[in-house]
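Numbering (our numbering), first residue to last: 860 to 1076.
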């Protein structure tokens, strides 16, 4: 099966089974999404969604959070991973939004990456979800699923996966494809015990074929 055919089959499957996939982070405005996305690094969306209501009640916008010290923010996010680092990032990020961007979250990934705590993945999530940019954010789920299915070749870094996926998914569905792969990795193609028998892609998944051949030996 060629790469083109593999992408075609993948798109057809998700279009049929998950046509409206979207982020599971709960947010109501741009400020809330970038905060939630920073908090979600190496932390589950479920945990982040438990943390953010109290956090946003205390700091309802970037201006309010920009006036807080990291130790104040820490009190509200202590149950997430790396709370000390993330508190510093949130403080610095909101201050930069206020001082360098006039209180408005930039829409371009390159500008977003200037904000403290915002790497390429976070910038692409925000640019994709909020501003409809055709960019692919690669987290651990996207990285794993793409390699297992065989959508990428010799892709050993998130950037390599991003470039190959962006090249082969049509621009108009890149945003959607990001959520397809994340959710598939979160609930079906799990890291430790993938639910291969329940997967609708197993008839052409390279990992599944490898696993079957291994069991035959």
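Glycine is no exception: its CB is placed at the ideal position from the N, C-alpha and C atoms.
Cα-Cα separation between residue i and residue j, rounded to whole angstroms
| i | j | result |
| --- | --- | --- |
| residue 1011 | residue 931 | 43 Å |
| residue 905 | residue 884 | 8 Å |
| residue 1068 | residue 997 | 24 Å |
| residue 1020 | residue 995 | 9 Å |
| residue 1038 | residue 960 | 28 Å |
| residue 1062 | residue 866 | 13 Å |
| residue 880 | residue 872 | 13 Å |
| residue 902 | residue 962 | 27 Å |
| residue 1030 | residue 1056 | 31 Å |
| residue 1040 | residue 907 | 20 Å |
| residue 1046 | residue 868 | 20 Å |
| residue 1071 | residue 916 | 51 Å |
| residue 1016 | residue 911 | 30 Å |
| residue 1022 | residue 1014 | 10 Å |
| residue 991 | residue 864 | 26 Å |
Sub-9 Å separation of residue i and residue j beta-carbons
| i | j | result |
| --- | --- | --- |
| residue 941 | residue 900 | yes |
| residue 921 | residue 956 | yes |
| residue 985 | residue 919 | no |
| residue 968 | residue 979 | yes |
| residue 1000 | residue 1042 | yes |
| residue 958 | residue 971 | no |
| residue 966 | residue 989 | yes |
| residue 945 | residue 898 | yes |
| residue 937 | residue 976 | no |
| residue 1044 | residue 1050 | yes |
Same chain only: Cβ atoms within 7 Å of residue i, ignoring 5 sequence neighbours per side
| i | result |
| --- | --- |
| residue 886 | 892 and 895 |
| residue 862 | 1027 |
| residue 1048 | 1003, 1004, 1007 and 1058 |
| residue 964 | 889, 890, 893 and 956 |
| residue 860 | 1063 |
| residue 933 | 942, 943 and 946 |
DSSP-derived helix/strand/coil call for residue i
| i | result |
| --- | --- |
| residue 1133 | Examination of residue 1133 is not possible in this model, given that the chain is present from 860 through 1076 alone. |
| residue 1024 | helix |
| residue 1055 | helix |
| residue 1004 | helix |
| residue 864 | helix |
| residue 965 | coil |
| residue 991 | coil |
| residue 1066 | helix |
Closer than 9 Å to chain D by CB, residue i
| i | result |
| --- | --- |
| residue 998 | The displayed structure is made up of one protein chain only, and chain D is not part of it. |
Residues near residue i in its chain [Cβ-Cβ closer than 8 Å; skip 5 each side]
| i | result |
| --- | --- |
| residue 1033 | 987, 993, 994, 995, 1024 and 1025 |
| residue 1065 | 1007, 1008 and 1009 |
| residue 876 | 1059 |
| residue 928 | 950 |
| residue 1018 | 979 and 997 |
Contacts around residue i, its chain only, beta-carbon distance under 6 Å, and the 5 residues preceding and following it disregarded
| i | result |
| --- | --- |
| residue 913 | 935 |
| residue 924 | 918 and 953 |
Problem set entry | Complete beta strand (DSSP E) runs within the segment 882-951 (minimum length 3 residues, chain order) | The segment 882-951 contains no whole beta strand (DSSP E) run of 3 or more residues.
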